[in-house]
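Quick note, the sequence shown lines up with residues 3 to 225 if you use the numbering used here.
What follows is a short report on a single structure.
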Amino acid sequence: DARYAALRRVAMEESVSAVLLGHTLDDQAETVLLGLSRGSGAASLQGMAPMRVDDDETRWVRPMLGIRRESTRAFCTASALTPWDDPHNRDDRFARVRVRERVLPVLESELGPGIAEALARTAEQLREDAEAFDEMIHETIEDIVEHAEAGISVSVAALAANPAALRNRIIRLVVHSEFGASLTRTQTVEVARLVTDWSGQGPIDLPGCSAVREGGQVVFRAR
């Protein structure tokens, strides 16, 4: 969004090694709940990464993901620091603000303290699993992906030999890495049907590319 774009611009102008972000454990818990409400899968439930490096080599670091928001405020008070509060953080038109001010307090009240910590732990565990899973996927892709005219192709037999969860991740990663596009679950499943439920269906239009089965290959081509 605009804030990250501004930070990225300044980081490049100043040649900084990293941009430190002030997200706390509470922000992580809110992110997990928002991902859960959207039904957007394990990727969103991983929350925010402690560190991320973008394609332009901008490095984003969140050193306070394990610290509660109230602790950061207490530290500022004890150190005679006056933090700046983004006014958007009080605007309940935003779903994140409603989660912060209404949903999490109810969960804490009804289920007991420690909900935010539990959500943050869940995000960390899912991220660890995802990193291991991604390593497996990259190793698999090296063996089953080939360059094709104006795109790439993936072996139908190799995709069929993998469990659905791995097959779907391979499809999403292939499209994202080659065409810079993100697939919805519906789009991913539709491509997977070229392997698992083949009945002669035609090309599938996807963001930035199309997918079609040609013989023993699923071919992705730029549009």
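Every residue gets a Cβ at the ideal spot worked out from N, C-alpha and C, and that includes glycine.
Other residues of its chain near residue i: CB distance less than 8 Å, five sequence neighbours each side excluded
i, result
"Asp58", "Arg10 and Met14"
"Leu185", "Ile173, Arg174, Val177, His178, Val193, Leu208 and Pro209"
"Ile206", "Gln189, Glu192, Val193, Leu196, Ser212, Ala213 and Val214"
"Asp93", "Val99"
"Ala132", "Ala44, Ala45 and Gln48"
"Val21", "Leu9, Arg10, Ala13, Thr60, Arg61, Trp62 and Val63"
Option in the options with minimal Cα separation from residue i
i, options, result
"Val219", "Ala213, Thr198, Ser155 and Ala167", "First, the residue type needs correcting, since residue 219 is Gln and not Val in the sequence shown. Nearest option by C-alpha distance: Ser155."
"Trp86", "Ile69, Phe96, Gly37 and Gly24", "Gly24"
"Val18", "Ala44, Arg102, Ser39 and Arg61", "Arg61"
"Phe181", "Ala160, Gly202 and Gly153", "Gly153"
"Ile143", "Val158, Arg129, Gly204 and Thr198", "Val158"
"Arg54", "Phe135, Pro89, Tyr6 and Asp131", "Tyr6"
"Arg223", "Ala183, Thr198, Asp199 and His90", "Ala183"
"Val101", "Thr198, Asp28, Gly202 and Glu16", "Asp28"
"Thr198", "Gly217, Asn170, Ala162 and Glu216", "Ala162"
Residues that DSSP places opposite residue i in a beta bridge
i, result
"Phe222", "Ile154 and Ala213"
"Ala148", "Correcting the residue identity first, residue 148 is Glu in this sequence and not Ala. BP columns for Glu148 point to Ser155."
"Ile206", "Ala213"
"Val18", "None, per the DSSP bridge assignment."
Own chain partners of residue i with C-beta closer than 6 Å, once the 5 adjacent residues on each side are dropped
i, result
"Ala150", "Val221"
"Leu109", "Ile117"
"Glu148", "Ser155"
"Gly37", "Ser46 and Leu47"
"Ser39", "none"
Cβ neighbours of residue i in the same chain (closer than 7 Å, five flanking residues each side left out)
i, result
"Arg187", "Gly43"
"Gly68", "Leu27"
- Message: Threshold first: 4 residues or longer. Then list the alpha helix (DSSP H) segments lying entirely within the region 52–80, N to C.
- Response: 71–80
- Is the region 162–171 in contact with the region 77–86, if contact means three or more CB pairs nearer than 8 Å? no
- Query: Can you find at least 3 beta carbon pairs, one from the region 48–68 and one from the region 112–128, that sit closer than 8 Å?
  - Reply: yes
- Whole runs of the alpha helix (DSSP H) within the region 105–143, excluding any shorter than 4 residues: 106–113
- Item | the region 134–144 contacting the region 67–78, beta-carbon criterion three pairs below 8 Å | no
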